[in-house]
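Counting with the working numbering, you get residues 146 to 412 for the letters of the sequence shown. Glycine included, every Cβ here is placed at the ideal spot set by N, Cα and C. Below: one structure, written as structure tokens.
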Amino acid sequence: MMAIKIPPEHPRAESLRIREKLVEHHHNGVVATAGLIAHGRGEAFDYMLGEKTTKQALNAINAAAATLLTAEKAVVSVNGNTAALIGEEIVRLANVTKAKIEVNLFYRSLERELKIKELLEKVGAHEVLGVGEDASAKIPELGSERRRVDPRGILVADVVLVPLEDGDRTEALVKMGKKVLAIDLNPLSRTSQKATVTIIDNVVRATPKLVEIVGKLEQDLKKCNEILLNFDNKKNLAESITLIKGRLSKLAEKGNYLTLEDEKHDL
Ligand code: ATP
Numbered sequence: 146m147m148a149i150k151i152p153p154e155h156p157r158a159e160s161l162r163i164r165e166k167l168v169e170h171h172h173n174g175v176v177a178t179a180g181l182i183a184h185g186r187g188e189a190f191d192y193m194l195g196e197k198t199t200k201q202a203l204n205a206i207n208a209a210a211a212t213l214l215t216a217e218k219a220v221v222s223v224n225g226n227t228a229a230l231i232g233e234e235i236v237r238l239a240n241v242t243k244a245k246i247e248v249n250l251f252y253r254s255l256e257r258e259l260k261i262k263e264l265l266e267k268v269g270a271h272e273v274l275g276v277g278e279d280a281s282a283k284i285p286e287l288g289s290e291r292r293r294v295d296p297r298g299i300l301v302a303d304v305v306l307v308p309l310e311d312g313d314r315t316e317a318l319v320k321m322g323k324k325v326l327a328i329d330l331n332p333l334s335r336t337s338q339k340a341t342v343t344i345i346d347n348v349v350r351a352t353p354k355l356v357e358i359v360g361k362l363e364q365d366l367k368k369c370n371e372i373l374l375n376f377d378n379k380k381n382l383a384e385s386i387t388l389i390k391g392r393l394s395k396l397a398e399k400g401n402y403l404t405l406e407d408e409k410h411d412l
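Right under this line is the structure:
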């Protein structure tokens, strides 16, 4: 496959580079076809958010970092899209938070699980749970293949980070008493609405930021507890929706301008 050359001055250069990465990993079997469509749904919301990490996202990233650092048994759940886009950051995050990494796919196939495991190991993962027969336990109340989990990982975890999750599974994990940390560009998805901490941001921007903040909070348990005490997920989520609404209203007033004047200096 020939990679497309993306001109650096293209206004959507970064977004196109991300797409190319997903297409490449779709060809090599890591990303499912439906994963490409799911990415498109995310992109549409990223457009509306202004393709940047908002203040609300940062609040949620802080709360997610504090939750991971105060967890007993944290697990990062990985699918094809996340392995393709943020494999290295996932390994880094797992290392700094002592979380386990578990593969969990909606379109489960041993071939894809092994490909994801291989990709993660290539970027430094020592252990990847949930592959093949290792996913021998089941999440109650779930019909899809995503109910299969590793008894050493998600099944016994108290905190699960689920970038790009489906709503049913988020709800099922919450019902099992787990804290679910979601990264999802769509504030209206069931995942976003049901998670314990919802980061409305692109995984590509949010995950390195999460690693950075974990590094800063690592030694400060008092600060972690303070962050958690002051964080209200519902309120933060509502503010993200209000932000989109306000941004769209301003853009509508301006007509065909792509960038808002008061955002220019933020870029
Ligand atoms: P739900 O089942 O939670 O209501 P859904 O049906 O949209 O949501 P999926 O089809 O699994 O769930 O879609 C994946 C979700 O991931 C979408 O909500 C989309 O906004 C989000 N998404 C896709 N790509 C990214 C990305 N790069 N960063 C963050 N979120 C993303």
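Practice prompt. Could you spell out the range, first to last residue, of the beta strand (DSSP E) harbouring threonine 387?
Written response: Not the beta strand (DSSP E): threonine 387 falls in the alpha helix (DSSP H), residues 378–399.
Worksheet entry | Exposure label - proline 153; buried when at least 16 CB within 10 Å | exposed
Practice prompt. Mind listing which residues have their beta carbon within less than 5 Å of any non-hydrogen atom of the ligand ATP? Chain order is fine.
Written response: Ala183, His184, Arg186, Gly187, Leu309, Asp311, Gly312, Asp329, Leu330, Asn331, Ser334, Arg335, Thr336, Asn347 and Val348
Worksheet item: To the nearest whole angstrom, what separates the beta carbons of alanine 216 and isoleucine 372, a pair I think is in contact under 8 Å?
Response: The pair is not a contact, with the Cβ atoms about 14 Å apart (cut-off 8 Å).
Fill in: Boundaries (first-last residue) of the beta strand (DSSP E) holding lysine 324
Looking at the DSSP string, the run of the beta strand (DSSP E) that includes lysine 324 is 324–328.
Worksheet entry | Three-state secondary structure assigned by DSSP to leucine 255 | helix
Discussion item. As a quick exercise: from Glu266, His271, Val268 and Pro296, pick the residue whose alpha carbon is nearest that of glutamate 278.
Written reply: Pro296
Worksheet item: Among Leu181, Ala270 and Glu159, which has the Cα closest to the Cα of valine 144?
Response: Residue coverage of the chain in this structure runs from 146 to 412, which leaves residue 144 outside it and unanswerable.
Worksheet item: Under three-state DSSP, which class holds proline 353?
Response: helix
Worksheet item: Ends of the beta strand (DSSP E) at lysine 245?
Response: 245–248
Fill in: Inter-residue spacing [alpha-carbon to alpha-carbon] between lysine 368 and lysine 339
The alpha-carbon atoms of lysine 368 and lysine 339 are separated by roughly 25 Å.
Discussion item. For serine 334, report the span of its beta strand (DSSP E) as first-last.
Written reply: Serine 334 -> no beta strand (DSSP E), and no H or E assigned at all.
Item to complete: Go to leucine 343, then tell me how far its beta strand (DSSP E) extends in each direction, as first and last residue.
Response: First, the amino acid is wrong: residue 343 is threonine here, not leucine. Taken as a continuous stretch (DSSP letters only), the beta strand (DSSP E) holding threonine 343 covers 342–344.
Worksheet item: What are the start and end residues of the beta strand (DSSP E) that includes leucine 309?
Response: Counting along the chain, leucine 309 falls outside any beta strand (DSSP E), and DSSP gives it neither H nor E.
Worksheet item: In the DSSP assignment, what residue or residues form a beta bridge with arginine 293?
Response: Lys283
Item to complete: Spatial neighbours of leucine 230 within its chain, please: CB distance less than 8 Å, with the 5 preceding and 5 following residues excluded, ordered by chain position.
Response: Hits under 8 Å: Ile163, Lys166, Leu167, Val348 and Val349.
Worksheet item: What does alanine 219 pair with, by DSSP beta-bridge criteria?
Response: Val304
Worksheet item: Is the Cβ-Cβ distance between leucine 388 and leucine 194 less than 9 Å?
Response: yes
Item to complete: Confirm, please, whether the CB-CB distance from valine 248 to alanine 219 is below 9 Å.
Response: Their beta carbons are not under 9 Å apart, which means alanine 219 does not touch valine 248 by this criterion.
Worksheet item: Which runs of the beta strand (DSSP E), 3 residues or longer, sit entirely within the segment 179–221?
Response: none
Item to complete: Round the Cβ separation of asparagine 226 and leucine 309 to the nearest angstrom and send it over; I've been treating them as touching at under 8 Å.
Response: 5 Å
Worksheet item: Does the Cβ of glycine 400 have 16 or more other Cβ atoms within 10 Å, making it buried, or fewer, making it exposed?
Response: exposed
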